[in-house]
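Visitor: Here the protein sequences come in this chain order: A and B.
Each residue of the first sequence is one higher than the one before, starting from 545 at the first, in our numbering.
Each residue of the second sequence is one higher than the one before, starting from 144 at the first, in our numbering.
Every residue gets a Cβ at the ideal spot worked out from N, C-alpha and C, and that includes glycine.
Note that the structure is predicted; figures quoted are calculated from it, not measured.
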Amino acid sequence: MATVDTVRKQREAAPPRLPGWQRLLERYGLLLLLVAVLVGFSIALPDTFATKDNFVTILQQESVLACLCLGLILPIAVGEFDLSIGYVVGFSAILAAALGGKTGIPGPLVLVIVLAVGLLIGALNGFLVSGLKVNSLIATLGVGFGVSALTTGISSSEVLFKGIPDLIPTVANTDILGLRTAVWLVLALAIVMYVVLTYTPFGKKIYAVGGSERVARMAGVRTGGIKIAAFALCGLFAALAGLLNLGQAGAANPSFGSNLLLPAFVAVFLGATTIRPGIFNVWGTIVAILLLAAAFSGLGLAGVPLWIQPLFEGVLLLGGVVFARTEARSLGRG
Amino acid sequence: MAPCLDVHGLSKSYLHNRVLADVSLSVEPGQIHALLGANGSGKSTLVKCVTGVVSPDPGARISISGAPAESGYTPSRAHQLGIRVVHQEAPLVDGLAVADSVALHRGYPRRGRLFTSGRRMRAETQAVFDRLDVGIDPATPAGTLSAAQRAMVMLALALADVEAGASFIVLDEPTASLPASDADRFLGAVEQAAAQGVGVLLVTHRLAEVSERCAAVTVLRDGRVAASGSRQDFSEERMVAEIVGPEQTGSAASAEVAAAAGITRFTAGRTGPRDDGRAPSSPALVARGLAGELVADASFEIAPGEILGIAGIVGSGAGELGRLVAGIEPIRGGTLRVGGEAAGVGYGIRAALERGVAYVPGDRMREGGIAGLSVAANLALPALRRYFHEPAQARADFRTVIETFKVRPPDSRSPFGTLSGGNQQKVIIGKWALTRPRLFVLDDPTAGVDPGAREDIYAVLQGLRRAGTAILLISSEPEQLVRLAGRVLVVKAGRVVEELKGSAVTVTDISRAAM
Chain A
545 MATVDTVRKQ
555 REAAPPRLPG
565 WQRLLERYGL
575 LLLLVAVLVG
585 FSIALPDTFA
595 TKDNFVTILQ
605 QESVLACLCL
615 GLILPIAVGE
625 FDLSIGYVVG
635 FSAILAAALG
645 GKTGIPGPLV
655 LVIVLAVGLL
665 IGALNGFLVS
675 GLKVNSLIAT
685 LGVGFGVSAL
695 TTGISSSEVL
705 FKGIPDLIPT
715 VANTDILGLR
725 TAVWLVLALA
735 IVMYVVLTYT
745 PFGKKIYAVG
755 GSERVARMAG
765 VRTGGIKIAA
775 FALCGLFAAL
785 AGLLNLGQAG
795 AANPSFGSNL
805 LLPAFVAVFL
815 GATTIRPGIF
825 NVWGTIVAIL
835 LLAAAFSGLG
845 LAGVPLWIQP
855 LFEGVLLLGG
865 VVFARTEARS
875 LGRG
Chain B
144 MAPCLDVHGL
154 SKSYLHNRVL
164 ADVSLSVEPG
174 QIHALLGANG
184 SGKSTLVKCV
194 TGVVSPDPGA
204 RISISGAPAE
214 SGYTPSRAHQ
224 LGIRVVHQEA
234 PLVDGLAVAD
244 SVALHRGYPR
254 RGRLFTSGRR
264 MRAETQAVFD
274 RLDVGIDPAT
284 PAGTLSAAQR
294 AMVMLALALA
304 DVEAGASFIV
314 LDEPTASLPA
324 SDADRFLGAV
334 EQAAAQGVGV
344 LLVTHRLAEV
354 SERCAAVTVL
364 RDGRVAASGS
374 RQDFSEERMV
384 AEIVGPEQTG
394 SAASAEVAAA
404 AGITRFTAGR
414 TGPRDDGRAP
424 SSPALVARGL
434 AGELVADASF
444 EIAPGEILGI
454 AGIVGSGAGE
464 LGRLVAGIEP
474 IRGGTLRVGG
484 EAAGVGYGIR
494 AALERGVAYV
504 PGDRMREGGI
514 AGLSVAANLA
524 LPALRRYFHE
534 PAQARADFRT
544 VIETFKVRPP
554 DSRSPFGTLS
564 GGNQQKVIIG
574 KWALTRPRLF
584 VLDDPTAGVD
594 PGAREDIYAV
604 LQGLRRAGTA
614 ILLISSEPEQ
624 LVRLAGRVLV
634 VKAGRVVEEL
644 KGSAVTVTDI
654 SRAAM
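#1: Have a look at L788/A and N803/A and give me their C-alpha separation to the nearest angstrom.
#2: Output the distance between the C-alpha atoms of P709/A and G499/B, rounded to the nearest integer angstrom.
#3: For G420/B, collect the residues of the same chain with a Cβ closer than 7 Å to its Cβ; drop the 5 residues on either side in sequence, then sort them by chain order.
#4: Looking only at DSSP bridge pairs, what is L428/B linked to?
#5: Can you tell me whether V333/B is buried or exposed, with buried defined as 16 or more other CB within 10 angstroms of its CB?
#6: Classify K596/A as buried or exposed, calling it buried when 16 or more other Cβ atoms lie within 10 Å of its own Cβ.
#7: Can you give the Cα-Cα distance for D652/B and V631/B, rounded to whole angstroms?
#8: Would you please state the rounded distance, in angstroms, between the beta carbons of E622/B and V639/B? I believe it to be under 8 Å.
#9: Mind pulling the chain A residues with CB within less than 9 Å of G435/B?
#10: Please name the residue or residues paired with V368/B in a DSSP beta bridge.
#11: Taking V518/B and V570/B to be in contact with their CB atoms under 8 Å, please state how far apart those CB atoms are, rounded to whole angstroms.
#12: Determine, for V859/A, whether the minimum Cβ-Cβ distance to residues of chain B falls below 8 Å.
#13: Which residue comes first and which comes last in the alpha helix (DSSP H) that contains D540/B?
#14: Starting from G342/B, follow its DSSP beta bridges and name the residues at the other end.
#15: Chain A partners of Y502/B, CB-CB under 8 Å?
#16: Secondary structure at I226/B, three-state DSSP: helix, strand or coil?
#17: Per DSSP, what kind of secondary structure is T318/B in: helix, strand or coil?
#18: What does E510/B reach in chain A if we use C-beta pairs closer than 7 Å?
#19: Find out if the Cβ-Cβ distance for the pair G185/B, T217/B is shorter than 8 Å.
#20: Find out if the Cβ-Cβ distance for the pair I772/A, S628/A is shorter than 8 Å.
#21: By Cβ distance below 8 Å, which residues in the same chain neighbour A763/A in space, the five residues on each side in sequence not counted?
#22: Can you find at least 3 beta carbon pairs, one from the stretch 293–303 of chain B and one from the stretch 271–280 of chain B, that sit closer than 8 Å?
#23: Using three-state DSSP, classify V129/B as helix, strand or coil.
#24: Can you give me the C-alpha to C-alpha distance between L363/B and M658/B, rounded to a whole angstrom?
#25: Since T744/A meets chain B, which of its residues come closer than 9 Å, beta carbon to beta carbon?
#26: Going residue by residue through the stretch 145–207 of chain B, where are the continuous beta strand (DSSP E) segments of at least 3 residues, counting only ones entirely within it?
#27: Would you check whether the ligand GDP has a heavy atom nearer than 7 Å to the C-beta of G215/B?
#28: Using a Cβ cut-off of 8 Å (strictly closer), state whether A523/B contacts chain A.
#29: So which residues of chain A does G515/B contact, with C-beta pairs closer than 9 Å?
#30: Specify whether the stretch 533–553 of chain B and the stretch 485–502 of chain B touch according to this definition: at least 3 beta carbon pairs, one from each stretch, less than 8 Å apart.
#31: Chain B beta carbons: is any one of them nearer than 8 Å to that of K748/A?
#32: Could you give the DSSP three-state label for G452/B: helix, strand or coil?
#33: Please confirm if A401/B has its CB atom under 8 Å from at least one CB of chain A.
#34: Which residues in chain A have a C-beta closer than 7 Å to the C-beta of L496/B? List them in chain order.
#35: Identify the residues that DSSP records as bridge partners of A638/B: which are they?
#36: Please report the residue range of the beta strand (DSSP E) in which F127/B lies.
The structure is reproduced here in structure tokens:
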């Protein structure tokens, strides 16, 4: 029997695609919104919002959250959750302050120890999830509680500010071209993460495991190893975020960190609606963080009551995700 | 008496893409009406319009047993009017027991007003299954069922509904994942239902079913009715001709040669475990007394460039045999040598891949490919590292797969999940062909694939064979084995009961030995 090429070419050569401008809107909608927010508040508040100081402050404040999000993308992209990250941020700051203040270990070593501990906590999460097959919500919640207990134990619930190694503020706060090193460091890490996730075998395996663990395993991917690596790197980024916060604040507050958990999830999920819609991606996440931060700052400066801000965050998250779902459905793949 | 289904002048467009144009179709009570067509011809859209899932363009008239389907026609309204649908993919909840999943569709039996009765739930499901000889324990988790078992559950449910008063059933490729014997049993049951006055619309790719069971035939091509009439007017040749259409290009033989040429291009200029200088005549695979959970004492060899067929009904162990060879299920006894290398303790998926075994699973939706990723990302999956170092080679390889395997649409960026079943299967086979395997294991590769894409896949398999690949072809369709395999092993209750060779490979002999 002959093939049915001609027929199928007619039918299938033109898969249902949205018109060009709609696709562009889907990809860059959030970015446009960011630009609109920046322009809008700049016109409305030329003296307070549209100042160099304000922009610099926003970037510096958000660098800690951005660092955390860069890590969180990994477990989410492999299809798991990590609820321990907020506690790890708080713990690593307390650990660094305590090591510096109580033991006198030199700064560089403190840095290495704290980062290594973050990596190990993440690896423990990964082992529980992929080795012992514990649901990741439960596993990371349990580990998070343990970490939180250690934070309280080490700090005795007090803010630690004595003997913090000089190196840590230096790493976070040195001024380069008008911005602090924390911002540059996070930007560099974002570029690295983007390249790793988009172009390397490791990144492609991350997305493959998230797409279908079964298919990935049958293609010879060590899915367990990939998951452990994703969690471990996430822990590393969380520890780094804690150090950056310690450097910026100059003191370690045992109650800090867990409040970053939800904003981090918001940013990563909102980020998946833009730049590469449907895929958890670095630049989408960065756009989401900046959008939320710029809007908060503008609303705050405009004197809008504080309770409006979480409302705005919720509406934006749901709106973004619903918008992306509708787009996907109109393409017939929802 | 009014027809069970009467469709007149139905058109449907998505955006600016006209999927159905002026389709008319009528199914009489007591009639099994076959709806044929290549993937993308509009069959599924027609089914969706008829069952209220999507609304047709204005101007269409649909009536169900004389009752017109007005605006606001929804799936629940269709259900009220007595329509029942059996989809290809059974909507069972993986984490629940089969009985719970069934109760989700049929309603939960109550104990008092507030509580459900688990015991009665299982008993009712068991009763439905018993009537149709479905050998599935209602307490089994639905997630552990095979694709064939899932289809059987859904069919049993629809037929139970017919007894409860449904007047019209739509079967959307219900037998796609069923082996011939089970398909036969269920179509027999469908026939009985029809004899009691129920109308049946049967969407299928299996033309033999149409010849045996159907009273009327409608063929869709490019969204239009290409041919329609009584079954007597349709030979299988005519059905194929109507499905395919007047414009035909290329012949089967030239497609094979093209596929083989493409496949040899993958092998060009690379080194790997396959270029080990071994004499090509030594067998690609030797199994001696191989045993698994069900399979026992299976001994066979496959030579490079040979297609060895495995025939067996569901639960016979034929599928398990493939999974043992591919390292997916643990080997419990006997020896397995792939390319002269013994499979020892810890033989698993990765060890099988290292020895050059590629496995194309029967469960395409769950194990074959990643729906959310592009065709390119799926093709690259087994060889990510190599393609990272040779991106130009990756692009060339993907283009070769798409061209020589005739993947439609011919765009490596399209999401895998948007491809038709046949094209997904070509991508899955292509993914493994790229790794230059020594042995290809395929589990029912053409289940749910339309006749045109099926020919393409046959050409690819013949191309692989010509390029020197050994192929273990597990199939529930004896016709397929007769056509492709030089030698067929028949598996029954875990044992190889018969080996058929050359001219002894016939549909009758395979079916006789497998039952």
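Guide: In this structure, then:
#1: Here residue 788/A corresponds to residue number 244 of the first sequence, with the count starting at 1. Here residue 803/A corresponds to residue number 259 of the first sequence, with the count starting at 1. Spanning the two alpha carbons is a distance of roughly 16 Å.
#2: In the first sequence, the residue the question calls residue 709/A occupies position 165. In the second sequence, the residue the question calls residue 499/B occupies position 356. Roughly 55 Å between the two C-alpha positions.
#3: Translated into positions along the second sequence, residue 420/B becomes position 277. Low per-residue confidence applies at G420/B: pLDDT is 46, beneath 50, and the placement is therefore not dependable, though the value from the model is reported in the following sentence. Excluding residues within five positions, none has a Cβ falling inside 7 Å.
#4: As a first step, residue 428/B must be located in the second sequence, where it is residue number 285. Note: L428/B sits in a beta bridge opposite I445/B and V481/B.
#5: Counting from one through the second sequence, the residue named residue 333/B turns up at place 190. With 16 or more other Cβ atoms from the protein chains shown falling within 10 Å of its own Cβ, V333/B counts as buried.
#6: Here residue 596/A refers to the residue found at position 52 of the first sequence. It counts as exposed.
#7: Translated into positions along the second sequence, residue 652/B becomes position 509. Translated into positions along the second sequence, residue 631/B becomes position 488. In this structure, the alpha-carbon of D652/B lies about 10 Å from that of V631/B.
#8: Against the second sequence, residue 622/B aligns to sequence position 479. Against the second sequence, residue 639/B aligns to sequence position 496. About 21 Å separates the Cβ atoms of E622/B and V639/B, ruling out a contact at the 8 Å cut-off.
#9: To locate residue 435/B, count along the second sequence from 1; it is residue 292. Neighbours of G435/B on chain A: none; closest Cβ ~17 Å, over 9 Å.
#10: In the second sequence, the residue the question calls residue 368/B occupies position 225. L363/B, per the DSSP bridge assignment.
#11: Counting from one through the second sequence, the residue named residue 518/B turns up at place 375. Counting from one through the second sequence, the residue named residue 570/B turns up at place 427. About 6 Å separates the two Cβ atoms, so the contact holds.
#12: Position 315 of the first sequence, counting from 1, holds the residue named residue 859/A. At least 8 Å separates the CB of V859/A from every CB of chain B.
#13: Translated into the one-based positions of the second sequence, residue 540/B becomes position 397. Residues P534 to T547.
#14: Stepping through the second sequence from its first residue, residue 342/B is reached at position 199. Looking at the DSSP assignment, G342/B forms a beta bridge with F311/B.
#15: Here residue 502/B corresponds to residue number 359 of the second sequence, with the count starting at 1. Per Cβ cutoff of 8 Å: M762.
#16: Along the second sequence, one-based indexing puts residue 226/B at 83. Here I226/B sits in strand by DSSP.
#17: For the purposes of this step, residue 318/B is identified with residue 175 of the second sequence, where counting begins at 1. T318/B: coil per DSSP, three-state reduction.
#18: Translated into the one-based positions of the second sequence, residue 510/B becomes position 367. Per Cβ cutoff of 7 Å: R758, V759 and M762.
#19: Position 42 of the second sequence, counting from 1, holds the residue named residue 185/B. Position 74 of the second sequence, counting from 1, holds the residue named residue 217/B. For G185/B and T217/B, no; Cβs fall outside 8 Å.
#20: Taking the first sequence and counting its residues from 1, one reaches residue 772/A at position 228. Taking the first sequence and counting its residues from 1, one reaches residue 628/A at position 84. Contact: no.
#21: On the first sequence, position 219 is the one that residue 763/A refers to. Taken in chain order, the residues that qualify are A752.
#22: Yes: the two stretches touch, three or more of their Cβ pairs being nearer than 8 Å.
#23: A query on residue 129/B cannot be resolved here, the shown segment of chain B reaching from 144 to 658 and no further.
#24: By one-based count along the second sequence, residue 363/B stands at place 220. By one-based count along the second sequence, residue 658/B stands at place 515. Cα-Cα distance, rounded: 35 Å.
#25: One-based indexing of the first sequence puts residue 744/A at position 200. At a C-beta separation below 9 Å, T744/A has these neighbours in chain B: L527 and F531.
#26: Listed in chain order, they are 148–157, 160–170, 175–179 and 204–207.
#27: Among the components modelled here there is no ligand, and therefore nothing to report on the ligand GDP.
#28: What you label residue 523/B is simply residue 380 of the second sequence in a count that begins at 1. With 8 Å as the cut-off, A523/B counts as an interface residue toward chain A.
#29: Stepping through the second sequence from its first residue, residue 515/B is reached at position 372. Those are Y751, G754, G755, S756, G822, I823 and R877, listed as they occur along chain A.
#30: no
#31: In the first sequence, the residue the question calls residue 748/A occupies position 204. Judged by the 8 Å Cβ criterion, K748/A is in contact with chain B.
#32: Start at 1 with the first residue of the second sequence, and residue 452/B comes out as number 309. The answer is strand: DSSP assigns G452/B an E or B state.
#33: Taking the second sequence and counting its residues from 1, the one referred to as residue 401/B is at position 258. No, no contact with chain A.
#34: Stepping through the second sequence from its first residue, residue 496/B is reached at position 353. Correct list: G764.
#35: Stepping through the second sequence from its first residue, residue 638/B is reached at position 495. It is worth fixing the name first, because residue 638/B is Arg in this sequence and not Ala. BP columns for R638/B point to K635/B.
#36: Because chain B spans 144 through 658 in this model, residue 127/B falls outside it and cannot be assessed.
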